[in-house]
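Here the structure comes first, spelled out in structure tokens, and everything after it is commentary.
Protein chains: 2
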Amino acid sequence: MNEFDLIEKYFNWKNLNSDMLGVGDDCALISIETQHQLATSVDTLIEDVHFPKNTSAHDVAYKALAVNLSDLAAMGATPLYFTLALTLPTIDESWLKDFSSSLKALSKKYDIQLIGGDTTKGALSITINATGILPKDQALLRSTAKVGDYIFVSNTIGDAALAWQQIQNNKKPNPKLLKKFNTPEPQVVLGQKLLGIVNSCIDISDGLEQDLSHILNKSGVGAKINISDIPLCDEVAIYIEDTYDWCLPLSGGDDYELCFTVSKDNADKVESIEKELDVALTKIGIVTENKDLEIVGLDKTCKSYQHF
Amino acid sequence: MNEFDLIEKYFNWKNLNSDMLGVGDDCALISIETQHQLATSVDTLIEDVHFPKNTSAHDVAYKALAVNLSDLAAMGATPLYFTLALTLPTIDESWLKDFSSSLKALSKKYDIQLIGGDTTKGALSITINATGILPKDQALLRSTAKVGDYIFVSNTIGDAALAWQQIQNNKKPNPKLLKKFNTPEPQVVLGQKLLGIVNSCIDISDGLEQDLSHILNKSGVGAKINISDIPLCDEVAIYIEDTYDWCLPLSGGDDYELCFTVSKDNADKVESIEKELDVALTKIGIVTENKDLEIVGLDKTCKSYQHF
């Protein structure tokens with residue numbers, strides 16, 4: 070099978086809106102309305118770096134799109150379209166079929182359209198560039214946290230990091246943890262609901278400590294958070310009871326939950342969103358004038374995830 | 070150096086328009102006017118597949134952006150912004166400096182802004198997603214060639230393929246050929262000029278025969294071209310005199326010239342553009358009703374470039 074057959078067979082889904090031109094020409098075309106902005110983000114996943122070698126095609130495809138949807142969620146954007154650059158060592162049709170159907174299912178769920186791409190031969194790697202849309206000047210930035218803001222995170226932190234640690238130690242994580250690691254749910258709806266309510270937002274991909282620090286640095290503020298307030302699932306809570314290893318949730322990464330800051334006045338709106346969406350939103354601290362990140366209850370320094 | 074330092078040092082150029090938000094948040098943001106469309110394209114270059122192992126960082130960066138600009142050119146789009154997904158085996162600051170400055174120089178030349186990206190560790194690979202803008206419903210498509218159209222190509226064909234063949238045979242190509250292979254000039258201005266004048270267009274990346282066939286297949290037409298009309302530089306002309314190897318220009322690829330079809334009535338406008346831009350535009354054949362590509366003067370079948 071050559072590249073064009075491959076694209077025609079697996080990636081020309083012919084489900085585009087009439088105002089879009091997708092797979093099959095030199096470029097994809099997108100019309101947009103005024104008073105809106107596009108939000109675009111790119112992420113690469115590489116085998117043996119971002120996912121283990123035996124990860125299923127289904128999970129690889131899911132995660133490659135989910136991490137980009139998570140970036141759109143962190144801006145409050147509504148997913149619109151994405152391009153896919155796929156590097157494959159060989160053409161394995163059974164692998165491609167699973168990859169394609171998983172990618173298609175997730176893209177359908179979040180109504181994001183595949184409009185173009187490139188396939189090349191090499192070590193397995195997936196680069197997705199996802200674009201969303203949102204009302205002009207309403208995006209949830211990292212740079213606009215205010216002193217006195219409450220700091221919230223969605224759901225629980227550290228689940229994926231514990232799964233990854235267990236995989237590395239040749240233990241089999243339980244299905245719930247493995248699901249958080251392989252197929253994290255991007256918080257797209259939550260991000261949209263936070264538009265106009267919160268002051269700043271980021272998705273937690275490299276670890277809570279490092280990602281919250283991005284908000285603080287960009288906003289020129291500090292924060293005080295309490296480790297005992299960080300929401301944990303039972304498995305991570307037990308792990309920490311056994312090991313006191315708070316670095317796992319603080320710097321493990323791969324959570325794809327949202328961390329946001331909100332004024333005291335809007336905190337009740339966060340509570341309403343929590344009830345409406347049935348997603349746990351937990352207050353873990355407060356934004357301070359002092360430009361450090363103080364983690365109350367942590368007596369050591371954690372090593373953050375490094376890309377190199 | 071960690072990822073954030075790397076991005077800050079080499080890719081946060083802080084030269085964005087005021088209506089754009091680029092490097093440094095979860096997503097890049099882009100506002101656009103109405104009555105326009107965005108055109109977006111993605112291409113991956115991998116070491117040892119798309120460029121030889123000893124290619125300079127300057128040339129790698131140049132080509133990675135140029136091939137995407139060439140896709141925008143083929144639609145007639147004006148370059149607007151791009152994202153960069155860069156996979157590197159190690160952090161080599163001297164390499165990065167050359168890569169960054171070359172990328173920046175070419176992006177400045179074509180007024181295209183780097184608005185986001187991702188860096189990862191792995192075998193050297195560059196994925197660029199470039200986006201341009203153009204008036205609604207005016208894009209130069211592959212699917213709209215008409216029977217009777219004249220077929221044109223820009224400049225000369227086969228230069229890069231000859232350079233690549235010489236490199237593979239451990240010969241040193243002359244500087245002019247090497248320049249066409251390593252740092253091809255994307256036909257951005259030509260593409261823009263062709264808007265509203267030609268019926269279809271493609272950039273020649275995989276070889277004239279294969280790429281022209283894309284126009285024919287998408288348009289449901291055929292073509293008759295004459296090999297003796299294909300414009301060649303002196304080196305390729307001599308090579309063909311020696312070898313009769315017409316497959317080199319026909320299927321060698323990496324030309325990044327434009328191939329377009331134009332009605333007889335508009336052919337004089339092509340002549341005017343040729344003079345205005347000082348770029349050679351050569352008529353090589355005609356679009357036919359018979360759905361084959363007839364290459365007059367070719368007595369064998371060439372093997373097209375295959376991505377796998």
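Chains as they are written, first to last, in my numbering: chain A, 70 to 377; chain B, 70 to 377.
Glycine residues also receive a C-beta, built at the ideal position from the N, C-alpha and C atoms.
**Prompt:** Does H66 (chain B) have its Cβ less than 9 Å from a Cβ in chain A?
**Reply:** A question about residue 66 (chain B) goes unanswered here, because the residues of chain B that appear run from 70 up to 377.
**Asked** What first and last residue would you give for the beta strand (DSSP E) that runs through Y313 (chain B)?
**Response** Segment: none, Y313 (chain B) is in no beta strand (DSSP E) and carries neither H nor E.
**Asked** For the beta strand (DSSP E) that contains Q106 (chain B), what are its first and last residues?
**Response** Looking at the DSSP string, the run of the beta strand (DSSP E) that includes Q106 (chain B) is H105 to I115.
**Request:** If I'm right that I353 (chain A) touches I294 (chain A) with Cβ under 8 Å, what's the distance once you round it to whole angstroms?
**Result:** Yes, I353 (chain A) and I294 (chain A) are in contact; Cβ-Cβ is about 5 Å, under 8 Å.
**Prompt:** Using the beta-carbon of each residue, which ones in chain A are nearer than 7 Å to D187 (chain B)?
**Reply:** The CB of D187 (chain B) comes closer than 7 Å to the CB of V111, D112 and T113 in chain A, given here in chain order.
**Within chain A, the residues that N198 (chain B) reaches when beta carbons sit closer than 7 Å** = Chain-order list of chain A residues neighbouring N198 (chain B): V111, T152 and N198, by C-beta distance under 7 Å.
**Item:** Reference E275 (chain A); option with closest CA among A:V136, A:M144, A:I181 and A:F168
**Value:** The sequence shown places Asp at residue 275 (chain A), not Glu. Nearest C-alpha to D275 (chain A) among A:V136, A:M144, A:I181 and A:F168: A:V136.
**Message:** I'd like the span of the beta strand (DSSP E) that includes V365 (chain B), first residue to last.
**Reply:** First-last of the beta strand (DSSP E) with V365 (chain B): L362 to V365.
**Request:** Tell me I379 (chain B)'s beta-bridge partners as DSSP assigns them.
**Result:** Nothing can be reported for residue 379 (chain B), as the shown portion of chain B is limited to 70 through 377.
**Item:** Cβ shell of S168 (chain B) (< 6 Å), same chain only, five flanking positions each side left out
**Value:** Sequence inspection shows Phe at residue 168 (chain B); the Ser mentioned does not correspond to that position. The residues are A126 and A130.
**Prompt:** Does the beta carbon of T156 (chain B) sit closer than 9 Å to a beta carbon anywhere in chain A?
**Reply:** Interface with chain A (9 Å Cβ-Cβ cutoff): T156 (chain B) is included.
**Request:** With a 10 Å radius around its C-beta and 16 neighbouring C-beta atoms as the bar for buried, classify T312 (chain B) as buried or exposed.
**Result:** Counting Cβ neighbours within 10 Å, T312 (chain B) comes out exposed, since fewer than 16 surround it.
**Item:** As assigned by DSSP and simplified to three states, the class of D206 (chain B)
**Value:** Coil.
**Request:** Taking I355 (chain A) as the reference, give the member of A:S170, A:L157 and A:Y219 with the closest Cα.
**Result:** Out of A:S170, A:L157 and A:Y219, A:Y219 has the C-alpha closest to the C-alpha of I355 (chain A).
**Asked** Of the residues A:I184, A:L246, A:S194 and A:A142, which one's Cα is nearest the Cα of T159 (chain A)?
**Response** Looking at the Cα atoms, A:S194 is the closest of the given residues.
**Prompt:** What is the DSSP secondary structure of D368 (chain B), counted as helix, strand or coil?
**Reply:** Of the three classes helix, strand and coil, the one that applies to D368 (chain B) here is coil, per DSSP.
**Message:** Between which residues of its own chain and S297 (chain B) is the CB-CB distance below 6 Å, once the five residues before and five after are set aside?
**Reply:** For S297 (chain B), where only same-chain residues beyond five positions count, the Cβ hits under 6 Å are G366.
**Integer-rounded CB distance, given that T124 (chain A) should sit under 8 Å from T200 (chain A)** = Separation of the CB atoms of T200 (chain A) and T124 (chain A) is rounded to 26 Å, and the pair is thereby denied contact status at 8 Å.
**Message:** For L134 (chain B) and P255 (chain B), I'd like the C-alpha separation in whole angstroms.
**Reply:** If you take the alpha carbons of L134 (chain B) and P255 (chain B), they lie about 9 Å apart.
**Item:** For K245 (chain B), the three-state DSSP class (helix, strand or coil)
**Value:** Here DSSP, grouped into helix, strand and coil, assigns K245 (chain B) to helix.
**Item:** Per-residue DSSP class, three states only, for I307 (chain A)
**Value:** Looking at I307 (chain A) - three-state DSSP - the assignment turns out to be helix.
**Prompt:** Where does L317 (chain A) sit, in a helix, a strand or coil, going by DSSP?
**Reply:** Helix.
**Prompt:** Helix or strand or just coil, what does DSSP make of L175 (chain A)?
**Reply:** If DSSP states are grouped into helix, strand and coil, L175 (chain A) belongs with the helices.
**Asked** Within 10 angstroms of its Cβ, does E156 (chain B) collect 16 or more other Cβ (buried), or is it exposed?
**Response** For clarity, residue 156 (chain B) is Thr in the given sequence; the question names Glu instead. T156 (chain B) comes out buried.
**Prompt:** Leaving out the 5 sequence neighbours to the left and right, which residues in its chain are closer than 8 Å to S282 (chain A) when beta-carbon positions are compared?
**Reply:** Excluding positions up to five away in sequence, the list reads L362.
**Asked** Which bits of chain E does S194 (chain B) rub up against, with CB to CB less than 7 Å?
**Response** The chain inventory of the structure shown lacks chain E, comprising the protein chains A and B.
**Asked** Going by beta carbon distance, what residues of the same chain come within less than 6 Å of N359 (chain B), once the five residues before and after it are set aside?
**Response** Excluding residues within five positions, the ones whose Cβ falls inside 6 Å are G291.
**Asked** Could you check where the alpha helix (DSSP H) with Y131 (chain A) kicks off and where it finishes?
**Response** Looking at the DSSP string, the run of the alpha helix (DSSP H) that includes Y131 (chain A) is A126 to M144.
**Request:** Indicate whether S223 (chain A) and L183 (chain A) have their beta-carbon atoms separated by less than 9 Å.
**Result:** Note that the C-beta distance between S223 (chain A) and L183 (chain A) is not below 9 Å.
**Prompt:** Can you find at least 3 beta carbon pairs, one from the stretch 310-329 of chain A and one from the stretch 206-221 of chain A, that sit closer than 8 Å?
**Reply:** Segments in contact, yes.
**Asked** DSSP puts V238 (chain A) in a beta bridge; with which residues?
**Response** Residue 238 (chain A) is actually Asn in this sequence, not Val. Bridge partners of N238 (chain A): none, in fact.
**Request:** Indicate whether at least one CB of chain A lies closer than 9 Å to the CB of I220 (chain B).
**Result:** No, because no Cβ of chain A sits closer than 9 Å to the Cβ of I220 (chain B).
**Prompt:** Shortest alpha-carbon distance to D117 (chain A) belongs to which of A:S139, A:A154, A:E162 and A:Q237?
**Reply:** Of A:S139, A:A154, A:E162 and A:Q237, the residue nearest in Cα terms is A:Q237.
**Asked** Expressed to the nearest angstrom, what Euclidean distance is found between the alpha-carbon atoms of D323 (chain B) and G217 (chain B)?
**Response** Whole-angstrom Cα-Cα distance: 28 Å.
**Request:** Leaving aside the five residues before and after L246 (chain B) along the sequence, list all residues of the same chain whose C-beta is less than 8 Å from its C-beta, in chain order.
**Result:** Within the same chain, L246 (chain B) has close Cβ partners D228, A229, L231, A232, Q235, C302 and E304.
**Bridge-paired residues (DSSP) for Y150 (chain B)** = Answer is B:Q182 and B:T200, bridged to Y150 (chain B).
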